[in-house]
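**Student:**
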Amino acid sequence: MRRLLLAASLLLASACEAPREVAAPARPGSPRLDAALATALTGAAPTATLEIIVNYDETVTTRDAVTSAMLNLGAGVVQFKHLELVAGVATPTQISAIAALPGVQGVYLNRQLQYYGHGSGLYALMLHESIPTIRADAVHAMGITGKGMGIAILDSGIDGLYNPDLVYPSHTVQNVKVIFNLSDVVTFGNSAPKALKQGVDIFAENLPNSETSVGHGSHVAGITAGLGTASAGYYTGVAPGASLLGVGTGDVLFIFFALAGFDYILDHQAAYNIKAVNNSWGTSGAFDPKDPINKASKTVHNHGITVVFAAGNDGPDQNTLNPYSVAPWVIGVAAGCKLVTPDPTNSAIHCDDPTGQNRAPILADFSSRGVPGDKLYHPDITAPGVHIVSTRASTGTVLNALDANHDLNLTSTCAIDLANQPYYTCASGT
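With our numbering, letter number 206 in the sequence shown gets 207, and the count goes up by one each step, no holes.
The following block contains the structure:
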């Protein structure tokens, strides 16, 4: 039951996301170069360097073999401690040679991703009302709050200094933030004795406040496990007994930062008893199982951590899912409206049935859709995701309109369920 509550808290947070731009599926080209990298290479000067992520088949080659080959080619390298990936910087000629290395499955551009943001607006699905929608209030009444479970928030950061709902270090037990870019930490072959850096090395730790400006991560953390102190308990999170681990990837999220965040989570899984990680961010386009983010989320899943991703906010058209939410080993969460009466914010305005078939007003009109009948392209579950009020950076709570964090309801529910049912797991796929 406590694991289920942990999952629910992440489900709610992932369900709350703002609209994002939709990209076309990957274009045909080199099977080892992703579309974004292929495009970047067409306009790159011969001496220009691009930031890349290399995915390799660990049954054919090794991390050290790929690293050595890249260094010998003159490229710069950063490793990951727990992920079978290598990051680096390289020229176009070097990239072509890296793609041809034995065992290399793909070379990907270190491109920018999107936080599923929280806009302001007149209406709000109050966290107070979304809690009974997912029946978390009944679980709280039984004394099940996610206590003893750790939830990682891979996001912009957490304000544990000024916000009493997320106070550090008693509730947000660890708070870290990216302080280096990929290009800042690469090692070149002629850089000896400079040691190779790993993804876990780019974070500053023990920060009371890792939320510098965006506020997205603090909002997400409050939905997941906010104490409700600032509102006398009115805006309590789904799993308030769980501990929070803030993995701040900065105001602008890139693939390398997200991978380093997963690396850090795996490195500290035992120390903080991390049972789930919430990801209220993503991208667009087709699902690629060899994408570095998908490979990393599979590794995290294989280590016994429930991985929750927001489905996206590009609805109501079909086939608009965040591709990271499509992976069979993660839980993809769609955005829905609350099902409580009365609804003081009229959130159902985003859940009117556009088909005229008198369907129940559950799925938000902006929530990304899958492909009808397809076994892969569909959200796994729907959680409240319209107009969530939760914590903000610096102080108090904030009203968000088309909230992008419906996945947090599920993540927190997983934490509660996992704590109460140690012989079960909250997971999806294989």
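Quick reminder that beta carbons are idealized off the backbone N, C-alpha and C, glycines included. Note that the structure is predicted; figures quoted are calculated from it, not measured.
1. Please list the terminal residues of the continuous beta strand (DSSP E) segment that includes Asn164.
2. Keeping to the same chain, check which residues put their C-beta closer than 8 Å to that of Asn320; ignore five residues upstream and five downstream.
3. List the DSSP bridge partners of Asn295.
4. Would you report the Cα separation of Asp264 and Gly234, rounded to the nearest angstrom?
5. In chain order, which continuous runs of the alpha helix (DSSP H) of length 4 or greater are located wholly inside the stretch 205 to 246?
6. Looking at Gly242 and Ile145, is the spacing between their C-beta atoms short of 9 Å?
7. Can you tell me the Cα-Cα spacing of Ser214 and Gly249, whole angstroms?
8. Could you tell me whether the stretch 311 to 329 touches the stretch 74 to 93, where touching means 3 or more Cβ pairs closer than 8 Å?
9. Pull up the distance between the alpha-carbon of Phe258 and that of Ala139, whole angstroms please.
10. Expressed to the nearest angstrom, what Euclidean distance is found between the alpha-carbon atoms of Lys148 and Asn274?
11. Tell me the start and end of each unbroken beta strand (DSSP E) in the stretch 43 to 79 that is at least 3 residues and wholly inside, in chain order.
12. Can you find at least 3 beta carbon pairs, one from the stretch 46 to 63 and one from the stretch 96 to 104, that sit closer than 8 Å?
13. I need the DSSP call for Ala287, collapsed to helix, strand or coil.
14. For the structure I just gave you, are there three or more beta carbon pairs, one from the stretch 176 to 190 and one from the stretch 72 to 79, closer than 8 Å?
15. What is the DSSP secondary structure of Asp156, reduced to helix, strand or coil?
16. From Asp166 to Ile266, what does the alpha carbon distance come to, in whole angstroms?
17. Taking the continuous alpha helix (DSSP H) assigned at Ile363, which residues delimit it?
18. Does DSSP classify Ile96 as helix, strand or coil?
19. When the distance is taken between beta carbons, is Tyr116 closer than 9 Å to His217?
20. Could you give the first and the last residue of the continuous alpha helix (DSSP H) run that contains Gly89?
21. Going by DSSP, which residues form a beta bridge with Pro324?
22. Assuming His141 and Leu228 are in contact, meaning their beta carbons sit under 8 Å apart, how far apart are those beta carbons, in whole angstroms?
23. For Val278 versus Ala137, is the C-beta distance shorter than 9 Å?
24. With distance defined between alpha-carbon atoms, name the residue in Leu155, Lys291, Lys296, Leu72 nearest to Ala98.
25. Kindly indicate the opening and closing residues of the alpha helix (DSSP H) around Phe367.
26. Who are Phe255's beta bridge partners in DSSP?
**Tutor:** Inspection of the coordinates gives the following:
1. Element bounds for Asn164: n/a, residue is neither H nor E.
2. Arg370, Gly371, Val372, Tyr378
3. Note: Asn295 sits in no beta bridge, so no partner.
4. 34 Å
5. 217 to 226
6. yes
7. 12 Å
8. no
9. 38 Å
10. Per the coordinates, the alpha-carbon of Lys148 lies some 11 Å from the alpha-carbon of Asn274.
11. Counting whole runs of 3 or more residues, the stretch 43 to 79 contains the beta strand (DSSP E) stretches 51 to 57.
12. They touch, by the three-pair rule.
13. coil
14. Segments in contact, yes.
15. strand
16. 22 Å
17. Segment: none, Ile363 is in no alpha helix (DSSP H) and carries neither H nor E.
18. helix
19. yes
20. No alpha helix (DSSP H) contains Gly89, which is instead part of the beta strand (DSSP E) from 86 to 91.
21. Beta-bridge pairing links Pro324 to no other residue.
22. Not really, about 12 Å apart at Cβ, beyond 8 Å.
23. no
24. Leu72
25. Counting along the chain, Phe367 falls outside any alpha helix (DSSP H), and DSSP gives it neither H nor E.
26. Gln113
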